[in-house]
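Colleague: Residue numbers (my numbering), protein chains in the order written: chain S, 101 to 644; chain G, 8 to 417. Note that beta-carbon positions come from the ideal geometry of N, C-alpha and C, so glycine has one too. Sharing a structure, written as structure tokens. Questions coming.
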Amino acid sequence: MKSERIKSINKSETEVRMDTVASESLLNELQGVVGAAFVRADDVTRFTYAIEDFGGSFFYPLNDRYTAPDMVVIPHTTEEVSGIVKLANKYKIPIIARGGGHDMTGACTPLKGKGGIILDMTSMNKVLDYQQGMNAVHFQPGIRWGDLEHQLNEKGLTLGILGPHGLHGATLGAGVAHNCFSINAPKYGWPVQNVLTLQVVLPSGEVIETGSLANKDCKTWYFRCCNGPDMAGIFLGSGGAFGVITEIAMKTYPKPTESSTLAYAFKNIDDYLEFVHQVGWQQFVTELWGMALIGLHPKLRAMFISMFGQKDLVFLTIDGHEKGVFKAQVKAVKRIARENRGELIPIEGLMHAMGGSVIDKVEFAGGGYYGAMAGPNDNCTCSVTPVLNWKKVVTQGMKVIDQNMDALGGGFHMMGADKFYIFPLLLGGGNSCQSVVSTTVDYCCGGANGTKACETPIDSDKDREAKFNLKRAKELYSDMWEMYVENTVAPYRIGKENPSLIRRLKPEYYAFLKLIKQALDPNNIMNPGVIGLGVTDQEAKGLV
Amino acid sequence: MRLEILKEDVWQCNHCSMCSEMVCDQAGFYKVCPVYQLMEFENYTARGHNTIALYLLEGSLNYNRELAEVIFKCTTCKLCEEVCKPMGNAVAGLGGYGLKSIMDAVIKPMQIEMKPIPSVAIMEAMRTDCVEQGLEPDGLKELAARVTASGNIYGKPAADRLQWAAGLNLASQAPTILFAGDTAAYEAPEVAQAAARVLQRIGISFSLLSDERASGAVLFRTGNIVLGEKMARHNLDLLKSALEVICLSAGDYYSLSTDWPKFAGSMPFKVNHISMVLADAIKDKRLRFSKNVPVNATYEDPCYLGRGMNQYADPRIVLKAIPGLTLTEMYPTAHGAWCCGNCGGIPDSDPELSIKLGVRKLSLIEATRASLVATSCPEVKVHLKKVFAHARKTVEVKDIVELAAQAIGE
């Protein structure tokens, strides 16, 4: 087998390619599996797929850890995925399943020194079945959140959860494989909590089905908790380290017919958090955004104070399909707000008249929104913590930022803030929330990372300054995570960007993860580096 | 590299991929990039183009035929930019297209500019770089040769350009010019004739350019800005005394409004599309329809009239004013309308793809059960007729000016 092993050859600083002979042989075999039209190894295709959402640009593929894939393959069936995985084993080449390409932690980009095949799953995008009784939908993983919701809505159904940040172009498969958060999670739960059954191509190429589908006579009933351990759970959030998800069944709900948007202002941060905690815990709200003054950049804070006074704000939506229950929920939320001294901001009628809601159902932004707000680069420390822990985390986060303020760049130009950070409180199901810090730095056009994108000569003073700023921003990012893990905050995805987080996992837990990895994927072909699995420490840093 | 001019925009792209593919019914979007739907690789999407641009600027990629093959597949339909408009989709979700359309005007006084990533401009800059290196598809080289030789995109004799106007008794000189464009002049004379009759009925005195040439629209879209500018400057010389230019083609209207000012400064005349002139005349009762046109029609938004120039309402005002005509909208429509495959030089660079894109749109047309597709661009009309013939469909296609002419009894 050694002679067949792919040799990774550094052709340039940013490029890793397979050995030519092995590459051609693999290409031919892949074309035999999926057809010639769906295998590409040209530079244009390879580099097109060497990108993720810039929301977390520290993983930027041109940096010292990542590289373009060796080739990109588009499968259309489970059998094709199985065939590709078997070939990847034969050639010992990594395989990375990719959906919409939104991960911000390097999870769908190959590590330098490893390379690999990107499996573009977006053409496996069909709804396969609706469970009798209509409380489940069975589909392929490459379907986009918006498309699935569209098809469900036509039947009077909803998935409830609408995907991360309104990114209706993200895929369900990548969402559950990487444990994304979702809009409407406070009411409907996290996406992975809504998964009923999975079909997975294991690293060996074998195909298994989980839950009720494990029974060989069961075809169209989707139930998770049966036939032994919760096998779906192993693959959910695993980042493709243990297999490729090829079919998913998820819960569906009646499409809401009633919807209301409420907003409250709180003079006291503890009242504000208690309100959020109570409405979230009791699952009265469908979605909630909190904007507390302590979590804002001073200029943004000043702007909010000028508009609303010295108050923390909460926007929330409530929806339902049963009028009586819905009305009771609205009433309960209003009561809880009163009990916690919340002042109603009268937007309910306006929103109702406009036929929409501030935060449910709509796509928040076009892509240009991010660039316009935060500059070309920002990095989010997306994470979860109990709501009642949020104040402590943000207070600590502010101390970290104060020590590293110079590392912040970019800026909320639209509102005149030359630097930008924000810790919004998004209620993400049950009793958790997100803490986000945006550590932006304008390094890209300054020529850092060895880029040639700007007129700034490499190694000029400006270039050196940009690189220095990037280094400081990375330090800030790391410092923030260090603070997080010390303060009961967990990342809801790790990807390949945070070896420091893996270091903080309990050794027994991590050893168990490694054991599963070794048992399932002895050749370490499945997305090596994700959650730190399948690579050495040096490889994880892209140093091979 | 011409792309260097747009490097800041390239870096601003967040690569969120909504321009590739997404569905958001609340905002009126059902699928995005039409070429991606057929080609499946992300290379063919705006995010793909922006990524390619990034790596060109960074130095990992170079222009070559492989890259040009990807870049010249784009229809430039601008649906990617529509999806990218910051907060625009949320606004449309709340207040509909009307609110979205006026957003720019509302926020400008607040010194807020929320523009999308100019993905089409980035892609067109790469096309220009390709043209400079001779990397454009053969079909576009042939197009350029035809334009150079004859002054029109079809390579027809210049002497035949005004044949369509024979017997119409038009003014020899007037401050208003009807810029018929190549397609109405050579391939769809019935549209030009109908426009002339309706304008006469409204009472607008207009003349034609004695030596009109291609507006350059398709050349600008396909990166041949040198030849495009040459054509435009020729026309500009002829338009020196004009006060108003009325375009029949959506592409020409866009080009005169946005491409020409880039090298010639602001136009010394007002540029209008025929649909705007008709809608204004209907509103102030200079144009009344007396004949019944009993037909169930759907409306095909030309990309460069709709997303290009934000003109969605006027063609619909015309159609809704025609007695007996029932308008059934496709879904998606207006801001979210699918491209029919006629834009971006695709009919010349990849005729097969162009037809496939049109056939893809047939499902939306058929879902309306309309027996007629109305549009407001002669190029779209000619293209859709080809598509329907290819698919052996009997759906009729007419420009709104033809329907207007029918409704005034001409």
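If distances are taken between C-alpha atoms only, which option among G/Cys87, G/Gly331, G/Phe186, G/Asn231 comes closest to glutamate 149 of chain G?
Modeller: Nearest C-alpha to glutamate 149 of chain G: G/Asn231.
Colleague: Indicate whether at least one CB of chain G lies closer than 8 Å to the CB of valine 133 of chain S.
Modeller: It does not: the Cβ of valine 133 of chain S has no partner Cβ on chain G nearer than 8 Å.
Colleague: What's the call for proline 164 of chain G, buried or exposed, on a 16-neighbour Cβ count within 10 Å?
Modeller: With fewer than 16 other Cβ atoms within 10 Å, it is exposed.
Colleague: Are the beta-carbon atoms of glycine 216 of chain S and isoleucine 195 of chain S separated by less than 8 Å?
Modeller: Closer than 8 Å, so yes.
Colleague: Find the nearest neighbour of lysine 363 of chain G within the set G/Met316, G/Ala192, G/His397, judged by alpha-carbon distance.
Modeller: With distances taken between Cα atoms, lysine 363 of chain G lies closest to G/His397.
Colleague: Just the C-alpha distance for alanine 207 of chain S and valine 630 of chain S, rounded to the nearest angstrom, thanks.
Modeller: Near 6 Å, if we compare the C-alpha coordinates of valine 630 of chain S and alanine 207 of chain S.
Colleague: Does DSSP put threonine 386 of chain S in a helix, in a strand, or in coil?
Modeller: Coil.
Colleague: Under three-state DSSP, which class holds phenylalanine 375 of chain S?
Modeller: Three-state result, phenylalanine 375 of chain S: helix.
Colleague: Would you kindly work out how many angstroms separate the C-alpha atoms of leucine 147 of chain G and alanine 195 of chain G, rounded to a whole number?
Modeller: The alpha-carbon atoms of leucine 147 of chain G and alanine 195 of chain G are separated by roughly 22 Å.
Colleague: Specify the secondary structure class of alanine 590 of chain S as computed by DSSP and reduced to three states.
Modeller: Strand at alanine 590 of chain S.
Colleague: Considering only C-alpha positions, which residue in the set G/Ser222, G/Asn299, G/Ser282 is nearest to proline 268 of chain G?
Modeller: That would be G/Ser222, whose Cα lies nearest to the Cα of proline 268 of chain G.
Colleague: What residues from the segment 214-230 of chain S come within 8 Å of chain G, judged by C-beta to C-beta, listed N to C?
Modeller: Listed by position, the residues of the segment 214-230 of chain S near chain G (Cβ gap below 8 Å) are Asp220, Thr222, Ser223.
Colleague: Does phenylalanine 147 of chain S have its Cβ less than 8 Å from a Cβ in chain G?
Modeller: Answer yes: the Cβ-Cβ gap between phenylalanine 147 of chain S and chain G drops below 8 Å somewhere.
Colleague: By the three-class DSSP mapping on this structure, what secondary structure does tyrosine 322 of chain S have?
Modeller: The answer is coil: DSSP assigns tyrosine 322 of chain S none of H, G, I, E or B.
Colleague: Residues of chain G with CB closer than 8 Å to the CB of isoleucine 174 of chain S, please, in chain order.
Modeller: Glu47, Phe48, listed in chain order.
Colleague: Decide if glutamate 124 of chain S is buried, meaning its Cβ has at least 16 other Cβ atoms within 10 Å, or exposed.
Modeller: Answer is exposed; the Cβ neighbour count stays below 16.
Colleague: Thinking C-alpha only, which one of G/Lys38, G/Tyr43, G/Asn57, G/Met25 is nearest glutamate 15 of chain G?
Modeller: The residue with the shortest Cα to Cα distance from glutamate 15 of chain G is G/Asn57.
Colleague: If we call anything under 8 Å between Cβ atoms a contact, is valine 301 of chain S one with valine 344 of chain S?
Modeller: Their beta carbons are under 8 Å apart, which means valine 301 of chain S touches valine 344 of chain S by this criterion.
Colleague: Reducing DSSP to helix, strand and coil, say where alanine 5 of chain G ends up.
Modeller: Residue 5 of chain G is absent from the structure shown; chain G starts at 8 and stops at 417.
Colleague: Would you grab the beta carbon distance between valine 154 of chain G and leucine 234 of chain G for me? Rounded to a whole angstrom, and I think it's under 8 Å.
Modeller: Valine 154 of chain G to leucine 234 of chain G, Cβ: 6 Å. Contact.
Colleague: Kindly confirm or deny that the segment 344-356 of chain G and the segment 401-411 of chain G touch, where touching means at least three C-beta pairs closer than 8 Å.
Modeller: The segment 344-356 of chain G, when compared against the segment 401-411 of chain G, does not touch it at the 8 Å Cβ threshold.
Colleague: Distance, Cα to Cα, glutamate 179 of chain S vs glutamate 254 of chain S?
Modeller: About 30 Å.
Colleague: State the Cα-Cα distance for the pair threonine 145 of chain S and tyrosine 51 of chain G, rounded to the nearest angstrom.
Modeller: Roughly 10 Å between the two C-alpha positions.
Colleague: Does the beta carbon of asparagine 69 of chain G fall short of 7 Å from some heavy atom of the ligand COA?
Modeller: Ligands displayed in this structure: none; no statement on the ligand COA is therefore possible.
Colleague: Assuming leucine 248 of chain S and leucine 211 of chain S form a contact by the criterion Cβ under 8 Å, report the distance between their Cβ atoms to the nearest whole angstrom.
Modeller: Contact flag wrong, Cβ pair sits at about 31 Å.
Colleague: Do valine 225 of chain G and glycine 258 of chain G have their beta-carbon atoms positioned less than 8 Å apart in this structure?
Modeller: Taking 8 Å as the Cβ cut-off, glycine 258 of chain G and valine 225 of chain G qualify as a contacting pair.
Colleague: If phenylalanine 213 of chain G sits next to leucine 250 of chain G, beta carbons under 8 Å apart, how far is it from one beta carbon to the other, in whole angstroms?
Modeller: Actually they do not touch by this definition, with Cβ atoms about 11 Å apart.
Colleague: Taking only the alpha-carbon atoms, compute the straight-line gap between glutamate 443 of chain S and alanine 365 of chain S and give it to the nearest angstrom.
Modeller: Cα-Cα distance, rounded: 5 Å.
Colleague: Closer than 9 Å by beta-carbon distance: list the chain S residues that pair up with methionine 130 of chain G, in chain order.
Modeller: Ordered by position in chain S, no residue passes the 9 Å Cβ test against methionine 130 of chain G, which lies about 13 Å from the chain.
Colleague: For glutamine 251 of chain S, which residues of its own chain have a beta-carbon under 6 Å away from its beta-carbon, when the five flanking residues on both sides are left out?
Modeller: So the list reads Val227, once near-sequence residues are dropped.
Colleague: Does the separation of the CB atoms of cysteine 350 of chain G and tyrosine 311 of chain G fall below 8 Å?
Modeller: Contact flag set, yes.
Colleague: Between the Cα of serine 378 of chain G and the Cα atoms of G/Cys384, G/Val300, G/Asn317, which residue gives the shortest distance?
Modeller: If we check each option's Cα against that of serine 378 of chain G, G/Val300 comes out closest.
Colleague: Isoleucine 353 of chain G lies in the alpha helix (DSSP H); which residues open and close that run?
Modeller: Segment 353-356, the alpha helix (DSSP H) holding isoleucine 353 of chain G.
Colleague: Mind checking if threonine 540 of chain S is an interface residue toward chain G, Cβ cutoff 8 Å exclusive?
Modeller: Note that threonine 540 of chain S scores a pLDDT of 49, beneath 50, so its modelled location is shaky and nothing firm can be said.
Colleague: Count the other CB atoms within 10 Å of the CB of glutamine 73 of chain S; is the residue buried (16 or more) or exposed (fewer)?
Modeller: Coverage of chain S is limited to positions 101 through 644, which leaves residue 73 of chain S absent and any answer about it impossible.
Colleague: Would glutamate 251 of chain G count as contacting chain S if we go by Cβ distances under 8 Å?
Modeller: Chain S contact via Cβ: absent.
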